[in-house]
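In this text, residue positions in the sequence shown follow numbering that gives the first Met the number 0: the first is 0, and each later residue adds one. Think of the CB as a built atom: it goes at the ideal place given N, C-alpha and C, for glycine as much as any other residue. A short write-up of the structure that comes next.
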Amino acid sequence: MEAKKEGFRKYLEVSGVLDALTKVLVALYEQNDKPSSALEFVQQKLGGPSLSEYEKLQAELSDLQIRYNELLKENQERCRELEELKHTQVEASATKELDVGNTRDEELKSADVVKS
Numbered sequence: 000m001e002a003k004k005e006g007f008r009k010y011l012e013v014s015g016v017l018d019a020l021t022k023v024l025v026a027l028y029e030q031n032d033k034p035s036s037a038l039e040f041v042q043q044k045l046g047g048p049s050l051s052e053y054e055k056l057q058a059e060l061s062d063l064q065i066r067y068n069e070l071l072k073e074n075q076e077r078c079r080e081l082e083e084l085k086h087t088q089v090e091a092s093a094t095k096e097l098d099v100g101n102t103r104d105e106e107l108k109s110a111d112v113v114k115s
């Protein structure tokens with residue numbers, strides 16, 4: 000158990016965690032006017048957002064998720080409309096080709112009748 004604790008302590012020391020925490024705690028100790036929330040002070044000094052900043056970011060994330068879902072739904076609708084238009088265009092093209100083919104057949108028959 001002691002070896003595990005010692006290994007963890009060395010890990011914290013090598014990774015710089017002990018040094019960073021020591022500096023923050025010393026800064027807190029040296030404060031003449033102690034902050035109302037020591038935890039927020041530590042978080043701020045370590046580079047984390049304050050509680051109000053965190054809540055603001057959470058609200059922004061929520062708003063962005065809603066907007067993303069709206070845009071995704073709109074995109075899916077546009078893709079569906081595009082597929083419908085493509086399908087309609089293919090059908091119109093096929094119908095036009097049939098009409099042109101039928102007209103051509105009728106012209107050829109008329110020409111044969113005139114020749115006879």
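Query - Within 9 angstroms, strictly: CB atoms of S49 and Q43 - result: With contacts defined by Cβ atoms closer than 9 angstroms, S49 and Q43 form a contacting pair.
Report task. Just list the alpha helix (DSSP H) runs in the region 20-72, keeping only unbroken ones of 4 residues or longer that don't cross its boundaries, in chain order. Result -> Correct list: 37-44.
Requested in this report: Assign G6 to one of three DSSP states: helix, strand, or coil.
Outcome: In the three-state DSSP reduction, G6 falls in the helix class (H, G or I).
**Report entry** Beta-carbon proximity check, A37 vs L45, cutoff 9 angstroms
**Finding:** With a cutoff of 9 angstroms on beta-carbon distance, A37 and L45 are scored as not near each other.
Query - Cα-Cα separation, L20 to E39 - result: L20 and E39 have their C-alpha atoms roughly 14 angstroms apart.
Report task. State the Cα-Cα distance for the pair G15 and K9, rounded to the nearest angstrom. Result -> Rounded to the nearest angstrom, the two C-alpha atoms are 10 angstroms apart.
Requested in this report: Ignore the nearest five residues each way along the sequence and tell me which others in E73's own chain have a CB closer than 7 angstroms to its CB.
Outcome: Here the set comprises nothing.
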